[in-house]
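Participant: In my numbering, the protein residues as written are 3 to 113.
First, the structure itself, so that you have it in front of you.
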Amino acid sequence: MNFLNSYAHVTIRRPFRERHFELTPHKADKYRRRVEYIENKRFNSRQGKLLDFSFMALTGTVALYTVLFADFGERDHCYTPLRNWVAQKTNRLWTLSDKEKQELREQGKLK
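Below, the structure written as structure tokens:
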């Protein structure tokens, strides 16, 4: 048996561009099912949900940090009114009103 006869069963493949693929409805459905399976598997799995949640949490954290705490210099910027509003609300939360101060003085808990 010579070299050429031993490889006679191997066919020479045409380049990819010259191949002709016939798209039948069966093949289209098969491809669609594969794609849907991969997408559903990723989003319905526990890892996919955890990954989605972690990306959303990270995005929210970065956005919150950018809006409230990032340093944009001394001049006013688009986040200044929101930062002032948050500072006002935070200050109101951590300070006592005059009525609360009066009640604590009457109870003897505030000098």
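The beta carbon of each residue, even a glycine, is placed where N, CA and C say it ideally should be.
Can you give me the start and stop residues for the alpha helix (DSSP H) that S99 sits inside?
Facilitator: S99 -> no alpha helix (DSSP H), and no H or E assigned at all.
Participant: Note down the Cα distance separating S99 from T92, rounded to an integer number of angstroms.
Facilitator: Cα-Cα distance, rounded: 13 Å.
Participant: For P83, which option in L95, V69, D73 has the closest C-alpha, if you only look at C-alpha atoms?
Facilitator: Among L95, V69, D73, the Cα nearest to that of P83 belongs to V69.
Participant: Kindly indicate which three-state DSSP category F57 falls into: helix, strand or coil?
Facilitator: The answer is helix: DSSP assigns F57 an H, G or I state.
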